[in-house]
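K.L.:
The sequence shown maps to residues -4 to 249 in our numbering.
A virtual CB, placed ideally from N, CA and C, is assigned to each residue, including glycine.
Everything numeric in this text was worked out from a predicted model, so none of it was measured.
Sharing a structure with you now.
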Amino acid sequence: MFDERLYRGFLTAESFGRNILVFNETDSTTARLLETETPYYSVAVAESQTAGRGRSGRKWVSESGVNLYFSVNLPPMRIEQLLPFNIAIGFAVCDVLRGTADVRLKWPNDLMAGGKKLGGILFETSLSGSVTEKVILGIGINVNMTDFPDEIRGVATSLKEETGINYCREELLAELMNRFESFSAAFLNGGINIVREWEKYSASLDKKIAVHKNGVKAVFTERGITPSGFLIAEDERGVITEIVTGDVGYDFSG
Ligand code: BTN
């Protein structure tokens, strides 16, 4: 079971993660925070989720006791800040995990290692006009999982799978909270240039990517992101397109 005292021993952040809700099992940590009133920067963490939510309505595999599944209740922000913030949080997660493995991002913020998916980030919001009412940041990271269920075997990896090390999840979560605190302050002060930083974090800059949209696949070369966080993709004729939605595939064969 997640050890809250151990976690607090590693926590230096003053806002992020100070208030923590620990669940042995819940449907989704994001659903918990959407439905409960908690102070900003509260974190909800679960040993397992019965209805973990992934991007594009997919299920997030949430095996018990081996990984990290957590959500953070963030203060409101403007809608146009959401995608850039989303991407910047990916940088922060990479920075923490790169202490141990070569973790990179697949646009906008899939966490990748060794060409496989290590984790994912999903923001869920409720809106009031052009301002978000609730912003819940949800993150799933495969930490010590070595036995992969059929539906993700071959496409998913974990930190342990990449390095052979067994990780302390409490320490990892605390380090993420510590990093988020400094990173989000820097982001909100305009101190993070996501366009320039993307070059450091992308798994596929200047490589072939397959973009799947509405069941149609098209091959592009990734050329970076815009200040708004859109993906810049170049087709075979050299025409540049900005991609706003669509799953970026890893079909390097084209
Ligand atoms: C993705 O599909 O890449 C995003 C996955 C996000 C999963 C996390 S696990 C904790 C939080 N609770 C959820 O139900 N989803 C997010």
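Helix, strand or coil: which one does DSSP assign to residue 107?
P.N.:
strand
K.L.:
Would you please verify whether the beta carbon of residue 220 is less than 7 angstroms from any beta carbon of chain B?
P.N.:
In the structure shown, chain B does not exist; there is a single protein chain.
K.L.:
Buried or exposed, going by whether 16 or more other CB atoms sit within 10 Å of the CB of residue 74?
P.N.:
A residue is called buried when at least 16 other Cβ atoms come within 10 angstroms of its Cβ; residue 74 does not meet this threshold and is exposed.
K.L.:
Touching or not, the segment 60 to 67 and the segment 133 to 145, by the rule of three or more beta carbon pairs under 8 angstroms?
P.N.:
yes
K.L.:
Counting only runs that start and end within the segment 37 to 80, where is the beta strand (DSSP E) found for 3 or more residues in a row?
P.N.:
38 to 44, 63 to 69
K.L.:
Is the beta carbon of residue 176 closer than 7 angstroms to that of residue 8?
P.N.:
yes
K.L.:
If you scan the segment 193 to 244 from start to end, which runs of the beta strand (DSSP E) of 3 or more residues do you find wholly inside it?
P.N.:
203 to 208, 211 to 220, 226 to 229, 235 to 238, 242 to 244
K.L.:
Looking only at C-alpha atoms, which of 213, 80, 143 sits nearest to residue 224?
P.N.:
The candidate whose alpha carbon is nearest that of residue 224 is 80.
K.L.:
Tell me whether residue 196 counts as near ligand 1, meaning its Cβ is closer than 6 angstroms to at least one heavy atom of that ligand.
P.N.:
no
K.L.:
Taking C-beta to C-beta, are residue 172 and residue 4 nearer than 7 angstroms?
P.N.:
no
K.L.:
Mapping the DSSP letters down to three states, classify residue 86 as helix, strand or coil.
P.N.:
helix
K.L.:
Is residue 35 a contact residue of ligand 1, with contact defined as CB to any heavy atom under 6 angstroms?
P.N.:
Distances taken from the Cβ of residue 35 to the heavy atoms of ligand 1 include none shorter than 6 angstroms.
K.L.:
How far does the alpha helix (DSSP H) with residue 30 in it extend, from its first residue to its last?
P.N.:
Looking at the DSSP string, the run of the alpha helix (DSSP H) that includes residue 30 is 24 to 30.
K.L.:
Within the segment 114 to 190, note down every full alpha helix (DSSP H) run reaching 4 residues or more, in order along the chain.
P.N.:
Within the segment 114 to 190, the complete alpha helix (DSSP H) runs of at least 4 residues are 154 to 158, 164 to 183.
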